Each structure stands twice: as C-alpha cells, then as structure tokens.
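Chemist: Counting from 58, one number per residue, gives the positions in the sequence shown under the working numbering. The following block contains the structure, expressed as structure tokens.
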Amino acid sequence: YEDGAPMTDADVRAQLLLLVVAGHETTAIAIAWALYALHRPENAGARERLLEELATLGPSDDVDPEVVAKLPYLSAVCDETLRRFPLAPAPAPRRLLQPLELAGYTLPAGVGVAAAIGVAHLDPRTYPEPLRFRPERFLERTFSPFEFLPFGGGARRCLGAALAGYEMRLVVATLIRGFVLRLRSLRPDLGKVRAANAGPRHGVEVEVVERT
58 YEDGAPMTDA DVRAQLLLLV VAGHETTAIA IAWALYALHR PENAGARERL LEELATLGPS
118 DDVDPEVVAK LPYLSAVCDE TLRRFPLAPA PAPRRLLQPL ELAGYTLPAG VGVAAAIGVA
178 HLDPRTYPEP LRFRPERFLE RTFSPFEFLP FGGGARRCLG AALAGYEMRL VVATLIRGFV
238 LRLRSLRPDL GKVRAANAGP RHGVEVEVVE RT
C-alpha cells in the first residue's frame, strides 16, 4: 500500500485473520509459561501479590476488561514471563545486503544477523538475578526497547504484540482469580522450539479446583 491506495475489504479481513491465527499458539505458550512460573513454590509471593491485586476488582461479573488489562502487577507478571521465557529467543536472521559496522565489528554482506532476545533478557547488567522470576523489576524501572524486546523491535516488530499482551493479561487474570491451580510436576522446565516458538518441553500439567 506504498502507493497510498486504501486496503480493500478482503485485505482487511486477511490481516485480521492473520492477527488471530498467528497469535494463537504464541499467546497460549506465553500463558502456559506464566502459570508455570506463578505456581512454582519459590514464586508463591508473586502469586499472592497478584491475587491481592485481583481481589480489588470486585465481583467477576462486573469487571471491565480494560481495567483488568491495565493492572500494574498483572502487567508486570506478564512482562516478567516474556522476559524469563521469551517465545522466540533466537528469531530468524536477516541477511545483510551490504557490509555493516556494528559495535566495532565489520559484518560482510551475506551474513545472517538476528537479535539474541534470549541473551538480552538474561543479561545480569540489565536484570540482576536474571534467572529469578521477579515481576517487581518491571515496577521499579522502565526498560528500553533494546533491553526488553519479547516481540522484536523496529519496523518488523510483531504486528500482534498489543493483541497478544491484552489476551495474555485477561486469561491469566481469569484463571488465577477463578481457580486454585497446582503444578503436577515441579521439575525444572526448559523451552523446546516448536516451529518458531519456544514452549515448555514437557507441557504444563496442573490440577484445577474452582476458587470459592
């Protein structure tokens, strides 16, 4: 649409479908990681703090989704999940068409270059105790787009980032608020790449009890 022509109805429908379909697995994996992290014993404090924040919302039937999505600690939990368990720790590289000077290095044309998101998110200079799940770090400071980039960055940043974040917050809030969940296994889990996404290698099996 570089010529300025408007999108046709078919084009708009295709783009909307892409947002829904392309964002399904990624968002589901992110939610699984959030539930896994929140229900590990060492993270009980984070889970309790989230429950306290959700308890301020009042009866579930009267909750405005827009209010839920803007809860600060819920947002911090989701951001910390995406930091600790990035969905694309090593995204597909872009091939250089011409030489590039980068951080004192000369990269020749033809070389593949990618943002090492997983490395950036575990840099102890930016994130002290990087392996620890601590949502509070996102309440203490704002990270630059070069420090926190779960959806990539620049002109090719994930098109569905806003939708994915919104869905993740609502689903995590609904599950934590409405049910008591217990992990069936406490073994440490590592990401396993499926297609382009890194999901829990062994899945996340939980016991579910309705909260009374």
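Here a beta-carbon is modelled for each residue, glycine too, at the ideal position from N, C-alpha and C. These numbers come from a predicted model, not from an experiment.
Contact between the segment 228-238 and the segment 160-170 is defined here as three or more beta-carbon pairs at a separation below 8 angstroms; is this criterion met?
Modeler: No contact exists between the segment 228-238 and the segment 160-170.
Chemist: Which residues in the same chain have their Cβ closer than 6 angstroms to the Cβ of P181, if we skip the five residues on either side of it in sequence?
Modeler: Same-chain partners within the cutoff: P187.
Chemist: Please report the residue range of the alpha helix (DSSP H) in which L164 lies.
Modeler: Looking at the DSSP string, L164 is not in any alpha helix (DSSP H); the run it does join, the beta strand (DSSP E), is 162-164.
Chemist: Based on Cα-Cα distance, which residue from C215, A212, P192, T183 lies nearest to F200?
Modeler: Among C215, A212, P192, T183, the Cα nearest to that of F200 belongs to T183.
Chemist: Measuring straight from C-alpha to C-alpha, what distance separates E204 and C135?
Modeler: Looking at the two C-alpha atoms, the distance is approximately 16 angstroms.
Chemist: Let me make sure I understand the geometry here. Which of P202, F195, G222, C215 has the alpha-carbon closest to that of A103?
Modeler: Cα-wise, what sits closest to A103 is F195.
Chemist: At 3 residues or longer, and completely inside the segment 103-181: list those beta strand (DSSP E) runs for me, N to C.
Modeler: Within the segment 103-181, the complete beta strand (DSSP E) runs of at least 3 residues are 157-159, 162-164.
Chemist: From the DSSP output, read off the bridge partner residues of N100.
Modeler: DSSP, once it has assigned bridges, lists no residue as partnering N100.
Chemist: Does the count of Cβ pairs from the segment 137-157 and the segment 110-122 closer than 8 angstroms reach three?
Modeler: In short, these stretches do not touch, since the Cβ pair count stays below three.
Chemist: With 16 other CB atoms within 10 Å as the buried threshold, where does F208 fall?
Modeler: It is buried - the Cβ of F208 has at least 16 other Cβ atoms within 10 Å.
Chemist: Could you spell out the range, first to last residue, of the beta strand (DSSP E) harbouring V237?
Modeler: 236-240 is the span of the beta strand (DSSP E), which, as asked, contains V237.
Chemist: At which residues does the alpha helix (DSSP H) containing E197 begin and terminate?
Modeler: Run containing E197: 194-197, per the alpha helix (DSSP H) assignment.
Chemist: Ordered along the chain, which non-local residues of its own chain (more than five positions away) have a Cβ less than 8 angstroms from that of V263?
Modeler: Excluding residues within five positions, the ones whose Cβ falls inside 8 angstroms are L92, H96, L238, R239, L240, R241.
Chemist: Excluding the 5 residues flanking G175 on each side, which residues of the same chain have their C-beta closer than 7 angstroms to its C-beta?
Modeler: If we look at G175 and ignore the five residues flanking it on each side, its Cβ neighbours are P143, P146, A147.
Chemist: Does the beta-carbon of L159 have 16 or more other beta-carbons within 10 angstroms, so that it is buried, or is it exposed?
Modeler: L159 should be labelled exposed.
Chemist: Need the endpoints of the beta strand (DSSP E) that G256 sits in, please.
Modeler: Unbroken beta strand (DSSP E) run through G256: 254-257.
Chemist: Count the other C-beta atoms from every protein chain shown that fall within 10 angstroms of the C-beta of P116, then say buried if there are 16 or more, exposed otherwise.
Modeler: So P116 counts as exposed.
Chemist: Would L111 and R191 be called neighbours here (beta carbons separated by less than 7 angstroms)?
Modeler: Not closer than 7 angstroms, so no.
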